[in-house]
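Visitor: Can you read through this structure? Questions will come right after.
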Amino acid sequence: MSSGPAPEATSSAPDSAAGCRLLLVRHALAVPKHVAEDFERSLSDRGRADAPEAGRWLAGSGFQPHLVLCSPARRTRETWELIAPALPDVPPVVYDDRLYNATPEVLADVLAERGAGLSHVMLVGHNTGIHELAMSVCRTGPTELLERLRAELPKAGAVVVDLPGGWHDLTSGDGRNGHLIAFWTPNSVDPSGN
86 MSSGPAPEAT SSAPDSAAGC RLLLVRHALA VPKHVAEDFE RSLSDRGRAD
136 APEAGRWLAG SGFQPHLVLC SPARRTRETW ELIAPALPDV PPVVYDDRLY
186 NATPEVLADV LAERGAGLSH VMLVGHNTGI HELAMSVCRT GPTELLERLR
236 AELPKAGAVV VDLPGGWHDL TSGDGRNGHL IAFWTPNSVD PSGN
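Under the numbering used here, the sequence shown has 92 at position 7, and the numbering climbs by one with no breaks.
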């Protein structure tokens, strides 16, 4: 149990959401780059503490994905594996090579392709792509949440976005009109990002 302040979580979730719901999770803190080749970097001790915290927040908030898309890098796989036990119903996971250090455009294409027919999808990925995707998709939402998201998406941070037009909103040039409904960061986030 942490003795620090409660994790930062803010939500403006409507009573019922139309369209699709996208959950974006940045991988938790990994060991430094000099310790291992980038793809094989594992989570640090702090990352191993923050990832389950993200899972507990998702479960407690009722944001239940029907599918998880995850980069195959070790740090993203480990993040998902530590989130999953907290969820009441663990969804299937797909490790897609295209998600490793992907651009926002590639992330959007994979989500639109894999999310077809599903209303709630989670993506566990990497910066800068996942942060840029979140910023480009979130057109509306509470000002405080939008400002926090513009500033950064910390490691192990979670963003929940409603897409009224469904997955097509991710790939249509002028259709990115997502509504930011929740943004969570772990207790251990510090201003330096370490």
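Virtual Cβ for every residue (Gly too), placed ideally from N, Cα, C.
Are V116 and S127 touching if we call contact CB-CB under 8 Å?
Guide: Yes, the Cβ-Cβ distance between V116 and S127 is below 8 Å.
Visitor: F148 bridges to which residues according to DSSP?
Guide: Partner residues in a beta bridge of F148, as assigned by DSSP, do not exist.
Visitor: Can you give me the Cβ contacts of G226 inside the same chain, cut-off strictly under 6 Å, excluding the 5 residues immediately before and after it?
Guide: H264 and L265
Visitor: Can you list, in chain order, the stretches of the beta strand (DSSP E) that have 3 or more residues and sit fully within the stretch 153-218?
Guide: 178-180 and 205-210
Visitor: Between the C-alpha atoms of M207 and K118, what's the straight-line distance to the nearest angstrom?
Guide: 26 Å
Visitor: Closest by CA to C155, which one among D135, E229 and H112?
Guide: H112
Visitor: Which residues in the same chain as L231 place their Cβ atom closer than 7 Å to its Cβ, once the five residues preceding and following it in sequence are excluded?
Guide: C223 and L265
Visitor: Classify L114 as helix, strand or coil using the three-state DSSP reduction.
Guide: Three-state DSSP puts L114 in coil, outside helix and strand.
Visitor: Buried or exposed, going by whether 16 or more other CB atoms sit within 10 Å of the CB of D247?
Guide: buried
Visitor: Out of curiosity, what's the CA-to-CA distance linking T161 and P150?
Guide: Roughly 17 Å between the two C-alpha positions.
Visitor: Let me know if G214 comes out buried or exposed under the rule of 16 or more other beta-carbons within 10 Å of its beta-carbon.
Guide: buried
Visitor: May I ask which residues mark the beginning and end of the beta strand (DSSP E) holding D123?
Guide: First-last for D123: undefined, no H or E at that position.
Visitor: The beta strand (DSSP E) that contains A243, what's its start and end?
Guide: A243 to L248
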